[in-house]
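Asks: First the structure, which I've put down as structure tokens, then a few questions once you've had a look.
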Amino acid sequence: MTNLRVGLLSFAHTHAASYARFLAQAPGVEAVGTDAGEPDPGTLRGKAFADHHGLRYLPDVAAVLAERPDAVVVAAENADHRELVEQAVAAGAHVLCEKPLATTDADADAMVHAAREAGVLLMTAYPVRFSPEFGELLARVRSGQLGQLISVHGTNNGKMPLAERSWFTDPARSGGGALVDHVVHLADLLDELLGEPAAEVHAVTNQILRADAGRDVETGAAVNIRYPSGVIAQIDSSWSQPESAPTWGGLTLEVHGTAGSMRIDPFNSHVAGHGSDGALWESFGANLDSAMIGEFLDAVRTGRTPQPDGESGARTLAIVTAAQRSAASGAAVTVA
Numbered sequence: 015m016t017n018l019r020v021g022l023l024s025f026a027h028t029h030a031a032s033y034a035r036f037l038a039q040a041p042g043v044e045a046v047g048t049d050a051g052e053p054d055p056g057t058l059r060g061k062a063f064a065d066h067h068g069l070r071y072l073p074d075v076a077a078v079l080a081e082r083p084d085a086v087v088v089a090a091e092n093a094d095h096r097e098l099v100e101q102a103v104a105a106g107a108h109v110l111c112e113k114p115l116a117t118t119d120a121d122a123d124a125m126v127h128a129a130r131e132a133g134v135l136l137m138t139a140y141p142v143r144f145s146p147e148f149g150e151l152l153a154r155v156r157s158g159q160l161g162q163l164i165s166v167h168g169t170n171n172g173k174m175p176l177a178e179r180s181w182f183t184d185p186a187r188s189g190g191g192a193l194v195d196h197v198v199h200l201a202d203l204l205d206e207l208l209g210e211p212a213a214e215v216h217a218v219t220n221q222i223l224r225a226d227a228g229r230d231v232e233t234g235a236a237v238n239i240r241y242p243s244g245v246i247a248q249i250d251s252s253w254s255q256p257e258s259a260p261t262w263g264g265l266t267l268e269v270h271g272t273a274g275s276m277r278i279d280p281f282n283s284h285v286a287g288h289g290s291d292g293a294l295w296e297s298f299g300a301n302l303d304s305a306m307i308g309e310f311l312d313a314v315r316t317g318r319t320p321q322p323d324g325e326s327g328a329r330t331l332a333i334v335t336a337a338q339r340s341a342a343s344g345a346a347v348t349v350a
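Each residue of the sequence shown is one higher than the one before, starting from 15 at the first, in the working numbering.
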């Protein structure tokens, strides 16, 4: 096994903790990390975060890149993705970038171009792509068991980020609210399932949830997508899980074809109950973050293109930005 030097750039994203744990323990990996920005109150960040998860900590991005890492994982606020990715690829590092790839289509295209010009890999962090349930669905669709696909319905509902990592509700740093946070996961599954870019999007949003918090982002969104083949997809995304819920939320995908239908619920493998300290929820399903980073590291070692790649990230972001334009105008819009 080829030994790799891997840097974790920023601990801002909620997934940074699982990325750090995996990298710190992965065989053949020398992992370092750095953080930047002002952490939200009560959020573990910086050297304390690195120490907690077993990462060697460096003071800034320049120090990480000076060690000539083979690869980096970018887990920063969405608006900072482009700058960090461009710095990494300029240093010759392969990149796994947290979703969404960027906050604008222009930034996503620039990132893909920069990686291509530098001859390095760019992968977008979509862990649900690696769920066994989605793999089974994909195999059945591709084998023709469901016939010609007609429609798809997906849900992705979670808790609203408030005190901890509240940058998710700051549009200047996140690019948007629940629509940005949740639609991209299902858009990625559709991208792989259908094998064609979206043609048209119609979306509506609201800010009903926690209006008292004064958040200037959407907390719920309904997105309809039309594909060139005629498939219609609906995505229900919101931050509707209450703070009292035992887990962050969940994702489902229901596919209907001329010969059958299939529904998957990748995060439903768990045991639940109640204990002296409240609700119990223990997942025993596959660790999707580990599977995703394993795919990335294997691609770095072998030189093959990992999936979902940067182009996939740009296509799925295009659905989100089209949905934002549609919600603002009240009309269906063409996907750029």
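The beta-carbon is built from N, C-alpha and C at its ideal position, and this holds for glycine as well. Given the structure is predicted, the values throughout are model-derived calculations rather than measurements.
Look up ARG82 in the DSSP assignment and say whether it is helix, strand or coil.
Replies: Reading the sequence shown from its first residue, position 68 is the one you call residue 82. Correct three-state label for ARG82: coil.
Asks: Pull up the distance between the alpha-carbon of ALA124 and that of SER297, whole angstroms please.
Replies: Translated into the one-based positions of the sequence shown, residue 124 becomes position 110. Translated into the one-based positions of the sequence shown, residue 297 becomes position 283. When rounded, the distance between both Cα atoms is 38 Å.
Asks: Taking Cβ positions, are LEU115 and LEU207 nearer each other than 9 Å?
Replies: Counting from one through the sequence shown, the residue named residue 115 turns up at place 101. Counting from one through the sequence shown, the residue named residue 207 turns up at place 193. No; because the gap between Cβ atoms is not below 9 Å, this pair is not in contact.
Asks: Only counting the same chain, and skipping five residues up and downstream in sequence, which positions put a Cβ closer than 8 Å to that of HIS29?
Replies: In the sequence shown, the residue the question calls residue 29 occupies position 15. Closer than 8 Å at the Cβ level, and outside the excluded window around HIS29, lie ALA89, GLU112, ALA139, PRO141 and ASP303.
Asks: If ASP119 sits next to ALA332, beta carbons under 8 Å apart, how far is it from one beta carbon to the other, in whole angstroms?
Replies: As a position in the sequence shown, residue 119 is number 105, starting the count at 1. As a position in the sequence shown, residue 332 is number 318, starting the count at 1. Their Cβ separation, rounded to whole angstroms, is 6 Å, which keeps ASP119 and ALA332 in contact under 8 Å.
Asks: Can you give me the start and stop residues for the alpha helix (DSSP H) that LYS61 sits inside?
Replies: Locating residue 61 in the sequence shown gives position 47, where the first residue counts as 1. Here the alpha helix (DSSP H) through LYS61 covers 60-67.
Asks: With a threshold of 8 Å, are at least 3 pairs of Cβ atoms found where one atom belongs to the segment 30-48 and the other to the segment 300-319?
Replies: Yes, they touch.
Asks: From LEU195 to VAL237, what does the alpha carbon distance come to, in whole angstroms?
Replies: Looking up residue 195 in the sequence shown gives position 181. Looking up residue 237 in the sequence shown gives position 223. Inspection of the sequence shows that residue 195 is occupied by Asp rather than by Leu. Cα to Cα, ASP195 sits roughly 13 Å from VAL237.
Asks: Quick check on VAL231: does DSSP put it in helix, strand or coil?
Replies: Taking the first residue of the sequence shown as 1, we reach residue 231 at position 217. The answer is coil: DSSP assigns VAL231 none of H, G, I, E or B.
Asks: By DSSP, does GLU296 sit in helix, in strand, or in coil?
Replies: As a working note, residue 296 is residue 282 in the sequence shown. Three-state result, GLU296: strand.
Asks: Would ALA336 and ALA350 qualify as a contact pair, given that the criterion is a beta-carbon distance under 9 Å?
Replies: The residue labelled residue 336 in the question sits at position 322 within the sequence shown. The residue labelled residue 350 in the question sits at position 336 within the sequence shown. Taking 9 Å as the Cβ cut-off, ALA336 and ALA350 qualify as a contacting pair.
Asks: Let me know if ALA122 comes out buried or exposed under the rule of 16 or more other beta-carbons within 10 Å of its beta-carbon.
Replies: For this step, residue 122 is matched to residue 108 along the sequence shown. Buried is the call here.
Asks: GLN159: which of ASN92, GLY271 and LEU311 sits nearest, CA to CA?
Replies: Along the sequence shown, read from residue 1 onward, the residue named residue 159 stands at position 145. Comparing Cα-Cα distances from GLN159 to each of ASN92, GLY271 and LEU311, the minimum goes to GLY271.
Asks: Rank SER290, VAL245, GLY234 and ILE239 by C-alpha distance to the C-alpha of HIS216 and give the top, closest one.
Replies: For the purposes of this step, residue 216 is taken as the residue at position 202 of the sequence shown. Closest by alpha carbon: ILE239.
Asks: Going by beta carbon distance, what residues of the same chain come within less than 6 Å of ARG19, once the five residues before and after it are set aside?
Replies: Looking up residue 19 in the sequence shown gives position 5. Correct list, in chain order: GLU44, PRO83 and ASP84.
Asks: Identify which residue in THR261, ALA247, VAL269 and ARG339 has its Cα closest to the Cα of ASN282.
Replies: In the sequence shown, counting from the first residue as 1, residue 282 sits at position 268. Taking only the C-alpha atoms, the option nearest ASN282 is THR261.
Asks: Going along the chain, which residues of its own chain have a beta-carbon closer than 8 Å to the beta-carbon of ASN17, five neighbours each way excluded?
Replies: Residue numbering aside, residue 17 sits at position 3 when the sequence shown is read from its first letter. Hits under 8 Å: GLY42, VAL43 and GLU44.
Asks: Could you compute how far the alpha carbon of ARG277 sits from the alpha carbon of GLY168?
Replies: Here residue 277 refers to the residue found at position 263 when the sequence shown is read from its first residue. Here residue 168 refers to the residue found at position 154 when the sequence shown is read from its first residue. Near 9 Å, if we compare the C-alpha coordinates of GLY168 and ARG277.
Asks: Measuring alpha carbon to alpha carbon, tell me which of THR117, ASP74, LEU135 and ASN92 ends up nearest ALA104.
Replies: As a working mapping, residue 104 is identified with position 90 in the sequence shown. Ranking the options by Cα distance to ALA104, first place goes to LEU135.
Asks: Per DSSP, what kind of secondary structure is GLY172 in: helix, strand or coil?
Replies: To locate residue 172, count along the sequence shown from 1; it is residue 158. GLY172 falls in the strand class under three-state DSSP.
Asks: Find out if the Cβ-Cβ distance for the pair GLU81, VAL46 is shorter than 9 Å.
Replies: Position 67 of the sequence shown, counting from 1, holds the residue named residue 81. Position 32 of the sequence shown, counting from 1, holds the residue named residue 46. Yes, these two residues count as a Cβ contact at 9 Å.
Asks: Per DSSP, which one or two residues make a beta bridge with LEU37?
Replies: The count along the sequence shown starts at 1 and reaches residue 37 at position 23. Paired residues: none, contrary to the question.
Asks: Can you tell which of ILE249, LEU294 and GLY327 has the C-alpha that lies nearest to the C-alpha of ALA259?
Replies: Taking the sequence shown and counting its residues from 1, the one referred to as residue 259 is at position 245. The shortest Cα separation from ALA259 among ILE249, LEU294 and GLY327 belongs to LEU294.
Asks: Can you list the alpha helix (DSSP H) stretches of 4 or more residues lying completely in the segment 262-334, in chain order?
Replies: List check, alpha helix (DSSP H) in window: 302-316.
Asks: Just to confirm my understanding: we take THR219, look at its own chain, exclude 5 residues before and 5 after, and list those with CB closer than 7 Å. What are they?
Replies: Here the question's residue 219 lines up with position 205 in the sequence shown. Counting only Cβ-Cβ distances below 7 Å, and skipping sequence neighbours, we find LEU193, GLU232, GLY234, ALA235 and ALA341.
Asks: From the DSSP secondary-structure annotation, give me the bridge partner or partners of TYR71.
Replies: For the purposes of this step, residue 71 is identified with residue 57 of the sequence shown, where counting begins at 1. Paired residue(s): GLY47.
Asks: Between ALA129 and GLY324, how many whole angstroms is the CB-CB distance? I'm expecting something under 8 Å.
Replies: Position 115 of the sequence shown, counting from 1, holds the residue named residue 129. Position 310 of the sequence shown, counting from 1, holds the residue named residue 324. Confirmed, about 6 Å.
Asks: Could you spell out where the alpha helix (DSSP H) holding GLU10 opens and where it closes?
Replies: Residue 10 lies beyond the residue range present for the chain, which begins at 15 and ends at 350; the question has no answer from this structure.
Asks: With DSSP as the reference, identify every bridge partner of ALA217, one or two as the case may be.
Replies: Along the sequence shown, one-based indexing puts residue 217 at 203. According to DSSP, ALA217 bridges with VAL237.
Asks: Is the CB-CB distance between ALA31 and ASP94 below 9 Å?
Replies: As a first step, residue 31 is located in the sequence shown; it is residue number 17 there, counting from the start. As a first step, residue 94 is located in the sequence shown; it is residue number 80 there, counting from the start. Not in contact: ALA31 and ASP94 (Cβ atoms no closer than 9 Å).
Asks: Using only CA atoms, which one of PRO175, ALA132 and ALA64 lies nearest to GLY106?
Replies: Here the question's residue 106 lines up with position 92 in the sequence shown. Minimum Cα distance to GLY106 is reached at ALA132.
Asks: Taking the CB atoms as reference points, tell me whether ARG96 and PRO322 lie closer together than 9 Å.
Replies: Residue numbering aside, residue 96 sits at position 82 when the sequence shown is read from its first letter. Residue numbering aside, residue 322 sits at position 308 when the sequence shown is read from its first letter. No. Outside cutoff.
Asks: Between the beta-carbon of THR117 and the beta-carbon of GLY172, is there less than 9 Å?
Replies: For this step, residue 117 is matched to residue 103 along the sequence shown. For this step, residue 172 is matched to residue 158 along the sequence shown. Going by C-beta atoms, THR117 is not nearer than 9 Å to GLY172.
Asks: Under a three-way DSSP split, which group does GLY21 fall into?
Replies: Residue 21 sits at position 7 when you count from the first residue of the sequence shown. GLY21: strand per DSSP, three-state reduction.
Asks: Kindly indicate the opening and closing residues of the beta strand (DSSP E) around LEU136.
Replies: Counting from one through the sequence shown, the residue named residue 136 turns up at place 122. Here the beta strand (DSSP E) through LEU136 covers 136-139.
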